[in-house]
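So in UniProt numbering, spot 132 of the sequence shown is number 139, and the numbers just go up one at a time.
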Amino acid sequence: KSGFISIIGRPNVGKSTFLNRVIGQKIAIMSDKPQTTRNKIQGVYTTDDSQIIFIDTPGIHKPKHKLGDFMMKVAQNTLKEVDIIMFMINADEGYGRGDEFIIEKLKNTNTPVFLVINKIDQIHPDELFPLIEQYKALYPFKEIVPISALQGNNVDTLLRQIHEYL
Ligand code: GDP
Ligand code: MG
């Protein structure tokens, strides 16, 4: 199995920490799926039977700036071309403008979207359920996966769930 995953989310939610944890190889590998040169490959996760390619989606991370039509189209098209979108949030920060921007963009695609709630080591377990309920009301996420990218909690589960969608 192989697939492309776009990880999106506000700055500092833990995207790089997650990638550093899961990626063994930082090289681009040939795949049977069309390569999109405009997207930066951030890393490749390989196992005996699978290859998951994490890519950057330029434009979707910068809600502060007004983006040109071209950049916006690029970002939109990327989100349509990937197999899964991982939308990462920080468990100990509330819903904010950056999230609102991203969720609006998600509404224009049919790509499965996972909500990844990172930094669960920073919150009390009782806080998780209300957070999930809040985000569920905003978008029909295919999976909602709480993790700690830093400590590694539940990262295996997330990779397994990604696997099931490829
Ligand atoms: P990015 O901007 O989304 O790529 O975020 P980074 O990966 O650079 O992480 C931003 C900060 O959050 C860093 O100081 C990380 O060490 C910290 N961080 C990332 N994941 C976790 C986590 O699961 N738990 C905690 N406590 N901190 C985390
Ligand atoms: Mg980063």
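Ideal Cβ positions, reconstructed from N, Cα and C, are used throughout, including at glycine.
Distance between residue j and residue i (C-alpha atoms, nearest Å)
i	j	result
Q141	N115	21 Å
T24	D163	15 Å
I96	R17	7 Å
N160	V152	11 Å
E111	Q158	31 Å
Q54	A156	The question names Gln, but residue 54 is Thr in the sequence shown. Going by the C-alpha atoms only, they are around 19 Å apart.
K8	I154	23 Å
N27	I14	13 Å
G75	I109	16 Å
I12	K143	21 Å
T85	V123	19 Å
I30	I169	14 Å
D133	I127	11 Å
E171	S57	11 Å
Three-way DSSP call (helix, strand, coil) for residue i in this model
i	result
I127	helix
F148	coil
I14	strand
N97	strand
D172	Note on residue identity: the sequence assigns Tyr, not Asp, to residue 172. Here Y172 sits in coil by DSSP.
D39	Because the pLDDT at D39 is just 43, under 50, the model does not fix this residue reliably, and the point stays unresolved.
L157	coil
Y142	helix
V162	helix
G50	strand
V81	helix
Distance CB(residue i)-CB(residue j) smaller than 8 Å
i	j	result
G10	I62	no
V81	P65	yes
G50	N125	no
D99	I139	no
F136	I91	no
Among the options, the one whose alpha carbon lies nearest that of residue i
i	options	result
L113	K8, G75, I124, M79	M79
R167	R104, Y52, I15	Y52
N117	N19, K149, I169	K149
N19	K47, D106, N84, I30	D106
R104	Q83, M93, I67, I127	I67
P119	P147, V29, F77, Q83	P147
Y102	H170, K47, S57, L145	L145
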